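Structure first, commentary second.
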Amino acid sequence: MDLPPRENYELLEDYITNVLKVFRNLTCNDDFHRDDKCLDELIVMVTFGNLWDHSTLRTDSTPSWITISLEIGRQMIRQWITGNAISDDYFSIPYSHGSAVATAFTKARHGTLACVPLDSCYGDIIVTLLGLSSNLVLRPQPEDGSYKFVGPCYHPGFSDGQALLGDDFRGWEKLWCINTWPLAFWKEGESLSFSDPRLDGVPLPVGYAERAVEMDEKYVPY
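Here this note's numbering is used: the first residue of the sequence shown is 4, the next is one more, and so on.
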């Protein structure tokens, strides 16, 4: 389901109308805006997970003005629907469709919303390969059992290492840390960490060394 670049619309209001139409079609629910969980999934999808939340304050990082939190995203969408936006900022679209490769949205087999290339079609599969920074969409070729590369994609359930490492963060909370880009991790009583807790006890490959950055006069593994 394609969401065309914003420059294809003369009026921002027309573009927002199309965004809401896509959201309704994806969720098959005219009242999708009343469901926080549903809204969060839509917001994560259209922003490629590039978000911040209030827990970012634990990193002493000021959120970038070009990103939003889930809470603000929910407010924005609900005010688009009611027409009661409280400021011009709430009419901004937190996603650069014109420059992004993946501009189509789809619902995967188990109901997860994902961003995929425009050429994607029913029957394509989303895969995660070790070492790549994004997921891929492949198309099975029944003639010889091979796969055709369709393009990169964003699947929220596979984009933080879950496909290979699972979702057990051992009590640590993931934070969006916009100033450093990689995920930060926080746990009550522990120092802020940039090391993935799912990799605790796993040795680094030969030739790699752990770095540390200074934060609050302390050195944190990075």
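Beta carbons are placed, not taken as given, at the ideal position from N, Cα and C, and that holds for glycine.
Keep in mind that this is a model prediction, so the values were computed, not measured.
| Which value, in whole angstroms, describes the spacing of the CA atoms of valine 119 and aspartate 203? | Approximately 32 Å between the Cα atoms of the pair.
Which term fits histidine 113, buried or exposed, when burial requires 16 or more other beta carbons within 10 angstroms of its beta carbon? Exposed, by the Cβ-count rule.
Item to check | N- and C-terminal bounds of the alpha helix (DSSP H) containing alanine 166 | outcome: Judged by DSSP secondary structure, alanine 166 falls within the alpha helix (DSSP H) whose first and last residues are 165-168.
Quick check on glutamate 176: does DSSP put it in helix, strand or coil? In the three-state reduction of the DSSP assignment, glutamate 176 falls in the strand class.
At which residue ranges does the stretch 101-152 contain complete beta strand (DSSP E) runs of 3 or more residues, listed in the order of the chain? Listed in chain order, they are 107-110, 116-119, 128-130 and 138-144.
Checklist entry - What's the gap between the Cα of threonine 85 and the Cα of isoleucine 19? => result In a straight line, the C-alpha of threonine 85 is about 12 Å away from that of isoleucine 19.
### Task
Can you give me the Cβ contacts of aspartate 33 inside the same chain, cut-off strictly under 8 Å, excluding the 5 residues immediately before and after it?
Cβ neighbours of aspartate 33 within its own chain (closer than 8 Å, five residues either side excluded): Arg27.
query: Does the distance from the C-beta atom of leucine 54 to that of phenylalanine 108 stay below 8 Å?
result: Here leucine 54 is not near phenylalanine 108, since their CB atoms are 8 Å or more apart.
Next on the checklist: Assuming phenylalanine 26 is part of the alpha helix (DSSP H), what are its boundary residues?
Outcome noted: Note, phenylalanine 26: alpha helix (DSSP H), 15-30.
* Asked: What number of angstroms, rounded off, separates the C-alpha of cysteine 41 from the C-alpha of leucine 178?
  -> Within the model, the alpha-carbon separation for cysteine 41 versus leucine 178 is close to 20 Å.
Can you give me the C-alpha to C-alpha distance between isoleucine 75 and aspartate 38, rounded to a whole angstrom?
C-alpha separation (whole angstroms): 14 Å.
Q: Classify tryptophan 55 as helix, strand or coil using the three-state DSSP reduction.
A: Tryptophan 55 falls in the coil class under three-state DSSP.
Query raised in the report: Based on the DSSP output, what are the partners of cysteine 1 in its beta bridges?
Result: The requested residue 1 does not occur in the structure, where the chain is confined to residues 4 to 225.
**Report entry** In DSSP terms, what tryptophan 189 is bridged to
**Finding:** Looking at the DSSP assignment, tryptophan 189 forms a beta bridge with Glu176.
Sequence-distant residues of the same chain with beta carbon closer than 8 Å to glutamine 144, five excluded per side: Cβ neighbours of glutamine 144 beyond the five flanking positions: Tyr150 and Lys151.
For arginine 229 and proline 208, which I take to be in contact (beta-carbon distance under 8 Å), what is that distance rounded to the nearest angstrom? This structure does not reach residue 229, given that the chain is present from 4 up to 225, and the question cannot be answered.
In or out: alanine 215 buried (at least 16 other Cβ within 10 Å) or exposed?
Flag for alanine 215 reads exposed.
Can you tell me whether cysteine 124 is buried or exposed? The criterion is at least 16 other CB atoms within 10 Å of its CB, across all chains shown.
So cysteine 124 ends up on the exposed side.
Taking the alpha helix (DSSP H) that aspartate 39 belongs to, which residues open and close that run? Following the DSSP letters along the chain, one finds aspartate 39 inside the alpha helix (DSSP H) bounded by residues 39-49.
Exercise. Would the stretch 188-198 and the stretch 158-169 be scored as touching if the rule is three or more Cβ pairs under 8 Å?
Worked result: They do not touch, by the three-pair rule.
On the criterion of 16 or more Cβ atoms from any shown chain inside 10 Å, does isoleucine 129 qualify as buried, or is it exposed? Isoleucine 129 is buried by the Cβ-count criterion.
Take threonine 115 as the anchor and find which of Phe197, Asp43, Ser196 and Leu23 has the nearest alpha-carbon.
Of the candidates Phe197, Asp43, Ser196 and Leu23, the one whose C-alpha sits nearest the C-alpha of threonine 115 is Asp43.
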